[in-house]
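Chains as they are written, first to last, in the working numbering: chain A, 1257 to 1677; chain B, 1257 to 1677. This report concerns only the one structure given below.
Number of protein chains: 2
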Amino acid sequence: MENERIAVSIITIGDELMIGQVIDTNSAWMSQQLNAAGIWVKRRVAVGDSRNDIRKALDEEGRHSQIILITGGLGPTADDITKPLLSEYFGGKLINDASVLKHVEQIFTRSGRPFTERNIKQAEVPEGCEVLFNERGTAPGMWFEKEGRIYVAMPGVPYEMKGLMTNAVIPRLLKRFNTGNIIHRTLLTSGIGESFLADHIAVWENELPSHIRLSYLPNFGMIRLRLTGLGADRQTLADEVSAEFEKLKKLTAQWLAADEDITMPQLISKMLRERKKRLATAESCTGGYIAHLITGQPGASEVYNGSVVSYTNDLKKRLLHVEEDTLSRYGAVSEPTVRQMINGVLEATGSDYAIAVSGIMGPDGGSPDKPVGTVWVAAGDRQAIIAKEFRFHHDRKRNIEYTANHALNLLRRFMLGDEPF
Amino acid sequence: MENERIAVSIITIGDELMIGQVIDTNSAWMSQQLNAAGIWVKRRVAVGDSRNDIRKALDEEGRHSQIILITGGLGPTADDITKPLLSEYFGGKLINDASVLKHVEQIFTRSGRPFTERNIKQAEVPEGCEVLFNERGTAPGMWFEKEGRIYVAMPGVPYEMKGLMTNAVIPRLLKRFNTGNIIHRTLLTSGIGESFLADHIAVWENELPSHIRLSYLPNFGMIRLRLTGLGADRQTLADEVSAEFEKLKKLTAQWLAADEDITMPQLISKMLRERKKRLATAESCTGGYIAHLITGQPGASEVYNGSVVSYTNDLKKRLLHVEEDTLSRYGAVSEPTVRQMINGVLEATGSDYAIAVSGIMGPDGGSPDKPVGTVWVAAGDRQAIIAKEFRFHHDRKRNIEYTANHALNLLRRFMLGDEPF
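What follows is the structure in structure tokens.
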């Protein structure tokens, strides 16, 4: 598949990646953008701040791919060895770039920060490279060509890298290459296991044409199915992929949550917007994570009022009017409690819909009766409430993520009037 | 540096990585664990679900490293091609492993899910590999040895991979190799730029011995400084690194937020626990993210009461008793509003300390007067409140992260009685 088209390797540089001190989100973002532009990412490689390792990575990726995109190692401090190495690798010396220097000076003047020797060095670029202007920061992008290969070095700061990719790198690549077409269609299922789903659609899957393939992407207890098509003519390919996607939708209809590549928070926001309704949440064990998922999206204020994160029983009583008797008789992790939380938060916030969760996320707090991972989730409005118990078996972080996703899914089903829940 | 010691390559497999549909958190976690065990990760490589690319990655990484850890591509569905390839690569055929089959059957029986042909295939392993028991899932780990190299294949599901790494892979590697020692010491600074900091400590940094090195890790507007030492004798190395770390602490004293590798939420939780005090938050623009950061940690209930996520002005009035007059005169993003939010949430939750934030995270909602990125943050108790205005220049997600981090830092400084704020 990948041999038919131009391929990209992404190299990320930094010891912080090698010791796991940061998670590499740059590569994922770059892959998304390249993919959307019809450019296939073939390999992603991360190496530490070692001249030798960086040099070898440049050599090897030059053999794998026509385009090598590099991020990291371009900041102002002493652990940065990438720029001198690039300079040497492409056979030139470091020279001062007047326009970059002027830009760096302006940034420091504007912010009132002291301008040092070190900052002047940031305006140095290897001779022979083409400078890509970085309007978001001091380290410029650098475009090199060598033996039919294109190498582009960018700073590792995500905001700066994204500016360079969007404004300079991708437009130039599209001008240079006929990228062909990649088309993805993705749907989201809930309530069915991966193996069972695979058996259910096996006959159809086996008959897919060779240029269209299917991937299974498990996602917090739900499964996304993605069709990927490759082809020369965009319209023909779009029609072919659409036709297969429609068949897949029919086959999976009873478990279908969304027929687009959309996250659960995006889906809920969209449904609320379409219905012109507003949501509030009452969160105990998820501790504000559901609120964060909803408010992480632009325009959240159109559909979301807010949340009461009632982490203690006291707050459940004070702010959500859960009854003392309910808490002492059934416990905080119980159906009666989450039902009262729904009523309480609807009342307190004047919202149309509400979600409530209460559970034990671990590692401590479990009992034989209610082990770690036990969660009660409710969704409802002023007319009706549905509630459901879950048992998750992950670590704290995952239990929170699963709970949030399933809580949003319960609201989705409530809004659709699905039965049974 | 890396040539002195055994090195690991991590290979992650999956088209979802190549199109950026998921972020690779497995590699970071594995790197952390290996590093803590004194094992240096030299390279991390991600490739798609292509036989050819996987095979080449196995070849190449075998040349780079003595240990090659592989995750992904072992699930039950048809896009998984890794197991047959491994079988072929290590020169055997797939055989049924009785103990794995029994385990897989038990998992399905226990959860009441249907057991299919496909699940039986999960019990197949390449002959010649040593099976690593996966108690958390159906796909076993597989340990291969070839030409002096160790290859271990694990499923990509994080929870399952983590179990295998912790219980099988790392203990075996430690038994097999004398790993030497890697020691890290990290501190966190706030309120100083990277270049300025670098100049300030340049003389000391240039005199560091060659087996100890310094890295700068910018972190939401703060900077972590990490010393990494490599050495044969653990105690000697620890003493050497400690001595340099103490010098660094003195040099950076005026900006020092923490002298350990700790996140801001961990630091705040620790300070609250030491003081036996409880926190509440009143969040507008961060939409529950600060609550999530605090409650994401085990034992949060000891120090945290909860949050009022007052995403609308209506909720600021209803739940936090912000005055209508304040909102109409100064706006929701103003010092008087966040001060009233502090008082309101202390009152509503009966807490010792509170944080309040209100701002414009973007992409919409800005004005010439208060552009996107304008945030008012307050921290306080019943005696005093401090408030500060910030202007961030990132995208929505980053603005939320920066705001949360700076809000926690403001509380830290309030608790310490720092002046000026």
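Glycine is no exception: its CB is placed at the ideal position from the N, C-alpha and C atoms.
### Query
When you compare only the Cα positions, how much space is there between D1271(B) and E1361(A)?
Position 15 of the second sequence, counting from 1, holds the residue named residue 1271(B). Position 105 of the first sequence, counting from 1, holds the residue named residue 1361(A). For D1271(B) and E1361(A), the distance between alpha carbons rounds to 43 angstroms.
### Query
What is the DSSP secondary structure of R1405(B), reduced to helix, strand or coil?
Residue numbering aside, residue 1405(B) sits at position 149 when the second sequence is read from its first letter. Reduced to three states, the DSSP call for R1405(B) is strand.
### Query
When we look at the beta-carbon of R1319(A) and count the other beta-carbons within 10 Å, is it buried (16 or more) or exposed?
Sequence index remark: in the first sequence, residue 1319(A) carries index 63 (1-based). Counting Cβ neighbours within 10 Å, R1319(A) comes out exposed, since fewer than 16 surround it.
### Task
Please say whether V1633(B) and F1648(B) have beta carbons closer to each other than 8 angstroms?
Translated into positions along the second sequence, residue 1648(B) becomes position 392. Translated into positions along the second sequence, residue 1633(B) becomes position 377. Contact flag unset, no.
### Task
Mind listing the chain B neighbours of R1300(A)? Cutoff is C-beta to C-beta under 9 angstroms, in chain order.
Within the first sequence, the letter at position 44 stands for residue 1300(A). Within chain B, the residues near R1300(A) are T1268, L1273, M1274, D1280, R1300, V1301, A1302 and V1303.
### Interface flag, E1258(A) vs chain B, CB-CB below 8 angstroms
Within the first sequence, numbered from 1, the residue matching residue 1258(A) stands at position 2. Residue confidence for E1258(A) is low, a pLDDT of 36 falling below 50, so the modelled location carries little weight; the figure read from the coordinates is stated next. For E1258(A), the answer is yes, since a Cβ of chain B falls inside 8 angstroms of its Cβ.
### Task
Using three-state DSSP, classify M1527(B) as helix, strand or coil.
Here residue 1527(B) is taken as the residue at index 271 of the second sequence, counted from 1. If DSSP states are grouped into helix, strand and coil, M1527(B) belongs with the helices.
### Query
Mind checking P1427(A): buried by the 16 CB within 10 Å criterion, or exposed?
As a position in the first sequence, residue 1427(A) is number 171, starting the count at 1. Under this definition P1427(A) is an exposed residue.
### Query
Is Y1560(A) helix, strand or coil by DSSP?
Mapped onto the first sequence, residue 1560(A) falls at position 304. Y1560(A) falls in the strand class under three-state DSSP.
### Query
How about A1409(A) and I1546(A): do their beta carbons lie closer than 8 angstroms?
Here residue 1409(A) corresponds to residue number 153 of the first sequence, with the count starting at 1. Here residue 1546(A) corresponds to residue number 290 of the first sequence, with the count starting at 1. In terms of Cβ geometry, A1409(A) and I1546(A) do not form a close pair [threshold 8 angstroms].
### Query
Name the chain B residues that come within less than 9 angstroms of T1372(A), Cβ to Cβ?
For this step, residue 1372(A) is matched to residue 116 along the first sequence. Within chain B, the residues near T1372(A) are S1451, F1452, A1454 and D1455.
#### Entry: alpha helix (DSSP H) segment containing L1273(B), residue limits
Taking the second sequence and counting its residues from 1, one reaches residue 1273(B) at position 17. Start and end: D1271 to M1274.
### Message
I'd like to know if R1668(B) contacts chain A, where contact means its C-beta is closer than 8 angstroms to some C-beta of that chain.
### Response
On the second sequence, residue 1668(B) is found 412 positions in, with the first residue counted as 1. Taking Cβ atoms only, chain A never reaches closer than 8 angstroms to R1668(B), which makes this a no.
### Query
Which whole-angstrom value is the C-beta distance of I1262(A) and Q1322(A), which I expect to be below 8 angstroms?
Here residue 1262(A) is taken as the residue at index 6 of the first sequence, counted from 1. Here residue 1322(A) is taken as the residue at index 66 of the first sequence, counted from 1. Yes, I1262(A) and Q1322(A) are in contact; Cβ-Cβ is about 5 angstroms, under 8 angstroms.
#### Entry: Within the stretch 1301-1339 of chain A, ranges of the alpha helix (DSSP H) (whole runs, at least 4 residues)
Within the stretch 1301-1339 of chain A, the complete alpha helix (DSSP H) runs of at least 4 residues are 1307-1320.
### Message
Helix, strand or coil for V1425(A)? Go by DSSP, reduced to three states.
### Response
For the purposes of this step, residue 1425(A) is taken as residue 169 along the first sequence, with counting starting at 1. Helix, per DSSP.
#### Entry: Beta-bridge partners of E1282(A), as assigned by DSSP
Position 26 of the first sequence, counting from 1, holds the residue named residue 1282(A). Note that residue 1282(A) is Asn in the sequence shown here, rather than Glu. When beta bridges are read from the DSSP output, N1282(A) appears opposite no residue.
### Query
When the Cβ atoms of the stretch 1520-1533 of chain B are set against those of the stretch 1488-1497 of chain B, are three or more pairs found closer than 8 angstroms?
Between the stretch 1520-1533 of chain B and the stretch 1488-1497 of chain B, the count of Cβ pairs shorter than 8 angstroms is below three; the stretches do not touch.
### Query
Are T1445(A) and L1512(A) touching if we call contact CB-CB under 8 angstroms?
Indexing the first sequence from 1 puts residue 1445(A) at position 189. Indexing the first sequence from 1 puts residue 1512(A) at position 256. Taking 8 angstroms as the Cβ cut-off, T1445(A) and L1512(A) qualify as a contacting pair.
### Span of the beta strand (DSSP E), counted from its first residue to its last, around L1539(A)
Residue numbering aside, residue 1539(A) sits at position 283 when the first sequence is read from its first letter. Contrary to the premise, residue 1539(A) reads as Glu rather than Leu in this sequence. Residues L1535 to E1539.
### Query
Going straight from the alpha carbon of T1659(B) to that of V1613(B), what length do you get?
Counting from one through the second sequence, the residue named residue 1659(B) turns up at place 403. Counting from one through the second sequence, the residue named residue 1613(B) turns up at place 357. Rounded to the nearest angstrom, the two C-alpha atoms are 8 angstroms apart.
### Query
Which parts of the stretch 1346-1379 of chain B are runs of the alpha helix (DSSP H), unbroken and 4 residues or longer, counting only runs that do not cross its ends?
Uninterrupted alpha helix (DSSP H) stretches at least 4 residues long and entirely within the stretch 1346-1379 of chain B occur at 1354-1367 and 1373-1377, given in chain order.
#### Entry: Spatially closest choice to L1341(B) from E1380(B), N1390(B) and R1585(B), by CA coordinates
Residue numbering aside, residue 1341(B) sits at position 85 when the second sequence is read from its first letter. Closest option to L1341(B), Cα to Cα, is E1380(B).
### Query
Which residues mark the beginning and the end of the alpha helix (DSSP H) in which F1646(B) is found?
Here residue 1646(B) refers to the residue found at position 390 when the second sequence is read from its first residue. Segment I1641 to R1647 is the beta strand (DSSP E) holding F1646(B); no alpha helix (DSSP H) there.
### Query
Are I1550(A) and T1281(B) touching if we call contact CB-CB under 8 angstroms?
As a position in the first sequence, residue 1550(A) is number 294, starting the count at 1. As a position in the second sequence, residue 1281(B) is number 25, starting the count at 1. In this structure, T1281(B) does not lie closer than 8 angstroms to I1550(A) by Cβ.
### Query
How close, in whole Å, do the beta carbons of L1330(A) and K1339(A) come, if the pair is a contact with beta carbons under 8 angstroms?
Your numbering for residue 1330(A) matches position 74 in the first sequence. Your numbering for residue 1339(A) matches position 83 in the first sequence. Confirmed, about 6 angstroms.
### Query
So which of D1608(A), P1627(A) and P1370(A) has the shortest CA-CA distance to I1617(A)?
Counting from 1 along the first sequence, the entry for residue 1617(A) is found at position 361. Contrary to the premise, residue 1617(A) reads as Met rather than Ile in this sequence. Out of D1608(A), P1627(A) and P1370(A), P1627(A) has the C-alpha closest to the C-alpha of M1617(A).
### Task
Could you tell me whether the Cβ atoms of T1537(A) and I1611(A) are closer together than 8 angstroms?
Walking along the first sequence from the start, residue 1537(A) turns up at place 281. Walking along the first sequence from the start, residue 1611(A) turns up at place 355. Going by C-beta atoms, T1537(A) is nearer than 8 angstroms to I1611(A).
#### Entry: Simplified DSSP state of H1662(A), which is helix, strand or coil
As a working mapping, residue 1662(A) is identified with position 406 in the first sequence. The DSSP-derived three-state label of H1662(A) is helix.
### Query
Between H1548(B) and chain A, is there a C-beta pair that is closer than 8 angstroms?
On the second sequence, position 292 is the one that residue 1548(B) refers to. Judged by the 8 angstroms Cβ criterion, H1548(B) is in contact with chain A.
### Task
Would you mind telling me which residues of chain B sit closer than 7 angstroms to E1316(A), beta carbon to beta carbon, in chain order?
Stepping through the first sequence from its first residue, residue 1316(A) is reached at position 60. Correct list: E1316.
### Message
Rounded to the nearest angstrom, what separates T1394(A) and A1509(B) at their Cα positions?
### Response
In the first sequence, residue 1394(A) corresponds to position 138, counting from 1. In the second sequence, residue 1509(B) corresponds to position 253, counting from 1. Here the alpha carbon of T1394(A) sits roughly 27 angstroms from the alpha carbon of A1509(B).
### Continuous alpha helix (DSSP H) stretch holding S1446(B): start and end
Counting from one through the second sequence, the residue named residue 1446(B) turns up at place 190. For S1446(B), no alpha helix (DSSP H) run applies; the uninterrupted beta strand (DSSP E) run containing it begins and ends at N1437 to S1446, by DSSP.
### Query
Which residues, in chain order, does the stretch 1560-1578 of chain B contribute to contact with chain A at a C-beta distance below 8 angstroms?
If the cut-off is 8 angstroms between Cβ atoms, the stretch 1560-1578 of chain B has Y1560, N1561, G1562, S1563, V1564, V1565, S1566, Y1567, T1568, D1570, L1571, R1574 and L1575 near chain A.
### Task
Could you pull out every residue in the same chain whose Cβ sits closer than 6 angstroms to the Cβ of R1300(B), ignoring the five residues on either side in sequence?
For the purposes of this step, residue 1300(B) is identified with residue 44 of the second sequence, where counting begins at 1. Cβ within range, chain order: I1266 and S1283.
#### Entry: Neighbour flag for A1334(A) against chain B, beta carbons, 8 angstroms
Sequence index remark: in the first sequence, residue 1334(A) carries index 78 (1-based). Since pLDDT at A1334(A) reaches only 48, below the 50 mark, its modelled position is unreliable, and the value read off the structure follows with that caveat. Residue contact check for A1334(A) against chain B: a CB pair falls below 8 angstroms.
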